[in-house]
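Notes follow once the structure below has been shown.
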Amino acid sequence: MRCPALLQCLELTPEAVPVLRRVLRAHLDIWDAAHLAEASALCLTELLGNVLRHCALDPWITVRSQVHHKALRIEVFDADPRLPEPVTSGHHHLGESGRGLVLVAAYADRFGYAPVVGGKCAWVELDLVT
Numbered sequence: 001m002r003c004p005a006l007l008q009c010l011e012l013t014p015e016a017v018p019v020l021r022r023v024l025r026a027h028l029d030i031w032d033a034a035h036l037a038e039a040s041a042l043c044l045t046e047l048l049g050n051v052l053r054h055c056a057l058d059p060w061i062t063v064r065s066q067v068h069h070k071a072l073r074i075e076v077f078d079a080d081p082r083l084p085e086p087v088t089s090g091h092h093h094l095g096e097s098g099r100g101l102v103l104v105a106a107y108a109d110r111f112g113y114a115p116v117v118g119g120k121c122a123w124v125e126l127d128l129v130t
């Protein structure tokens with residue numbers, strides 16, 4: 001079954017992050033995916049945190065969430081075309097930079113970044129059934 005996607009376009013501020021998490025959690029209930037609430041909230045928070053830290057000049061984003069092909073997929077589109085550099089093992093303890101990607105890798109079944117017209121897309125997938 002294909003579920004309708006949740007699409008949100010907004011100017012990202014720190015105050016918007018908990019609101020976006022609450023909206024996602026409400027849709028997880030609709031999609032019978034409430035068991036992914038903690039992991040999806042953490043992943044969404046980290047992706048949004050990267051936008052807040054690295055895209056201050058253009059904080060407009062689009063967040064798309066959808067259950068499709070037995071996974072929850074969350075995508076965050078922003079206007080910065082620069083892709084994050086992967087954190088090498090053992091170096092994430094040296095500072096804040098990159099730590100969120102280590103957390104996302106631990107919680108998500110799959111994640112990545114891709115260039116898109118006008119910026120990039122950061123995405124995570126969480127399997128509905130483990």
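Position one of the sequence shown corresponds to residue 1 (full-length UniProt numbering), numbered consecutively onward.
All C-beta atoms in this analysis are idealised placements derived from N, C-alpha and C, irrespective of residue type, glycine included.
Owing to the predicted nature of the structure, the values given are computational and were not obtained by experimental measurement.
Take the Cβ of L94 as the centre, count every other Cβ of all protein chains shown within 10 Å, and call the residue buried at 16 or more, exposed below. Here the question's residue 94 lines up with position 94 in the sequence shown. With a pLDDT of 46 at L94, under the threshold of 50, the modelled position of this residue cannot be trusted; read the value that follows with caution. So L94 ends up on the exposed side.
Does the separation of the CB atoms of L28 and L36 fall below 9 Å? Looking up residue 28 in the sequence shown gives position 28. Looking up residue 36 in the sequence shown gives position 36. Result yes, Cβ atoms of L28 and L36 sit closer than 9 Å.
Going by alpha carbons, who is nearest to residue 133 out of Y113, I74, V63? Residue 133 is absent from the model: the chain starts at 1 and stops at 130.
I need the DSSP call for V102, collapsed to helix, strand or coil. For the purposes of this step, residue 102 is taken as the residue at position 102 of the sequence shown. Looking at V102 - three-state DSSP - the assignment turns out to be helix.
Quick one, are the C-beta atoms of Q66 and L126 less than 9 Å apart? In the sequence shown, counting from the first residue as 1, residue 66 sits at position 66. In the sequence shown, counting from the first residue as 1, residue 126 sits at position 126. Cβ atoms of Q66 and L126: not closer than 9 Å.
Flag this pair as yes or no: are the beta carbons of V116 and C43 separated by less than 9 Å? For the purposes of this step, residue 116 is taken as the residue at position 116 of the sequence shown. For the purposes of this step, residue 43 is taken as the residue at position 43 of the sequence shown. Contact: no.
Which value, in whole angstroms, describes the spacing of the CA atoms of R22 and V102? As a working note, residue 22 is residue 22 in the sequence shown. As a working note, residue 102 is residue 102 in the sequence shown. Going by the C-alpha atoms only, they are around 23 Å apart.
Does the beta-carbon of D32 have 16 or more other beta-carbons within 10 angstroms, so that it is buried, or is it exposed? For this step, residue 32 is matched to residue 32 along the sequence shown. Exposed.
Give me the residue from L128, E11, L52 with the minimum Cα distance to T62. Sequence index remark: in the sequence shown, residue 62 carries index 62 (1-based). Out of L128, E11, L52, E11 has the C-alpha closest to the C-alpha of T62.
Sort out for me which residues DSSP pairs L47 with in a bridge. By one-based count along the sequence shown, residue 47 stands at place 47. L47 pairs with nothing; no bridge assigned.
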